[in-house]
Every structure is written in C-alpha cells, then in structure tokens.
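Q:
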Amino acid sequence: LELNGISASVTFNITLGTYPGNHTISDFPKTSSDLHVYFNGLNGVSFRMMPENNYSYENYFFRLVGAKNLHFNGIDMALIPNNHQSTFFVLDGRCEGVSISESSFNMTNAQSQTNTGISTGDFQGLDLTVSDCTFTGGSTGIYIPGYYWATLSYTGVDV
C-alpha cells in the first residue's frame, strides 16, 4: 500500500484469526485525493496485544502517520494484561478523513488502567468519525488534547 499506492478505492477484508498489535500505516500515494482504503474485520476477527514498551503511544494496535481517507470497521481489540499502558489507535501527524466504526476497545488491564482507545496527541487533523464503538476498562476512550496555543486540534470530529 505505502510502496505502490492505489489508483482506485480499496477494501481489505481481514479474515478470521487473531492478530497482534503494532501496525503502522503512513500516508500512501493515490492517483486521486478522493480515494479511500477500508479495513473490514470479518466475524471472529480479533486483535490481541501484550504491551511491552514503556510508553502508551509505543503500544498500539494501529498507528496512523499523516494518513488520509482510512476507514476501520468491525475491529475487535483487547489487551493481554501486564504492567504497561497502551493506546489502541494513535493518530500521529496530520490525519484526515479517518473513521472507526462498529469496533470494540477492551482496555481492561488489572495491572495498568492507564489505557486509551484513540489519541490524536498534539497533532491537528480533519474529519475524525467514531461511530457504534464500545469502550470498556482503561482510563480514556477518546483523547484529543490539542495545542495549548491553538483553538482547535481537530475539526470535523463526529462521535
């Protein structure tokens, strides 16, 4: 995806199985700015992660780096408990047109309750949509802190 890019909108159907975390998706070449990529978790798909790094932003399921027009649907995520914190979706850099729907964020971890579902960090972005998702356990579902000197960190947020 990042190497060859896309010339039409693309759908990835994630098949039955259990997958680990730490998937990074950077912006990729497109023949048109209105093309989209969809990641659909089929029934029975689950992502499980044991946080191993010291900082929550290093323990992630998906890290989007300046990505545009990405859509995630039906992603079931849960932690394998240990004493490290995690952030399930890290939006790094200016991300635009990202949506997460019908997904579950099981952040329950008896050894570390400082877990976050979605974090934009101190970055600015546009059009973030989160719909029909469940957040359980952890400390924060969606964290959009923004710059202390700016009035908006993300515009077009729909939850």
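So the number in this note's numbering is just where the residue sits in the sequence shown, counting from 1, plus 62.
Glycine included, every Cβ here is placed at the ideal spot set by N, Cα and C.
Quick caveat: nothing in here was measured; it's all calculated off a predicted structure.
1. Taking DSSP as the reference, what is the three-state secondary structure of residue 120?
2. Taking the beta strand (DSSP E) that residue 153 falls in, what are its first and last residues?
3. In terms of alpha-carbon separation, which member of 81, 121 and 98 lies closest to residue 107?
4. Grouping DSSP H, G and I as helix and E and B as strand, with all else coil, what is residue 227?
5. Nearest to residue 126 by CA position, among 90, 194, 169 and 195, is which residue?
6. Counting beta carbon pairs with one atom in the stretch 137-148 and one in the stretch 167-179, are three or more of them shorter than 8 Å?
7. Please state if the CB of residue 155 and the CB of residue 179 are separated by a distance shorter than 9 Å.
8. What residues are listed by DSSP as bridge partners for residue 142?
9. Whose CA, out of 86, 118, 64 and 109, lies closest to the CA of residue 146?
10. For residue 92, which residues from the same chain have a beta carbon less than 7 Å from its beta carbon, with the 5 sequence-adjacent residues on both sides left out?
11. Where does residue 181 land, buried or exposed, given buried means 16+ other C-beta within 10 angstroms?
12. Indicate the three-state DSSP secondary structure (helix, strand or coil) for residue 169 in the structure shown.
13. To the nearest angstrom, report how far apart residue 217 and residue 206 are at their CA atoms.
14. Give the DSSP bridge partners of residue 133, in chain order.
15. So, residue 99 versus residue 131, is the Cβ gap smaller than 9 Å?
A: In this structure, then:
1. As a working note, residue 120 is residue 58 in the sequence shown. In the three-state reduction of the DSSP assignment, residue 120 falls in the helix class.
2. Here residue 153 refers to the residue found at position 91 when the sequence shown is read from its first residue. 149-154 is the span of the beta strand (DSSP E), which, as asked, contains residue 153.
3. As a first step, residue 107 is located in the sequence shown; it is residue number 45 there, counting from the start. For residue 107, the nearest C-alpha among the options comes from 81.
4. Residue numbering for the chain in the displayed model covers 63 to 221; residue 227 lies beyond these limits and cannot be assessed.
5. Translated into positions along the sequence shown, residue 126 becomes position 64. It is 90 whose Cα lies nearest to the Cα of residue 126.
6. Three or more pairs of CB atoms, one per stretch, sit closer than 8 Å, so the stretch 167-179 contacts the stretch 137-148.
7. Mapped onto the sequence shown, residue 179 falls at position 117. Mapped onto the sequence shown, residue 155 falls at position 93. No. Outside cutoff.
8. For the purposes of this step, residue 142 is taken as residue 80 along the sequence shown, with counting starting at 1. In DSSP, residue 142 forms no bridge with anything.
9. In the sequence shown, residue 146 corresponds to position 84, counting from 1. Nearest option by C-alpha distance: 118.
10. The count along the sequence shown starts at 1 and reaches residue 92 at position 30. For residue 92, same chain residues with a beta-carbon under 7 Å away, outside a window of 5 residues either side, are 67 and 68 in chain order.
11. What you label residue 181 is simply residue 119 of the sequence shown in a count that begins at 1. Classified as buried, residue 181 has 16 or more neighbouring CB atoms from the shown chains inside 10 Å of its CB.
12. Here the question's residue 169 lines up with position 107 in the sequence shown. Strand.
13. Position 155 of the sequence shown, counting from 1, holds the residue named residue 217. Position 144 of the sequence shown, counting from 1, holds the residue named residue 206. Counting only the Cα atoms, residue 206 lies some 11 Å from residue 217.
14. Here residue 133 is taken as the residue at index 71 of the sequence shown, counted from 1. For residue 133, DSSP records a beta bridge to 100 and 161.
15. As a working mapping, residue 99 is identified with position 37 in the sequence shown. As a working mapping, residue 131 is identified with position 69 in the sequence shown. Yes.
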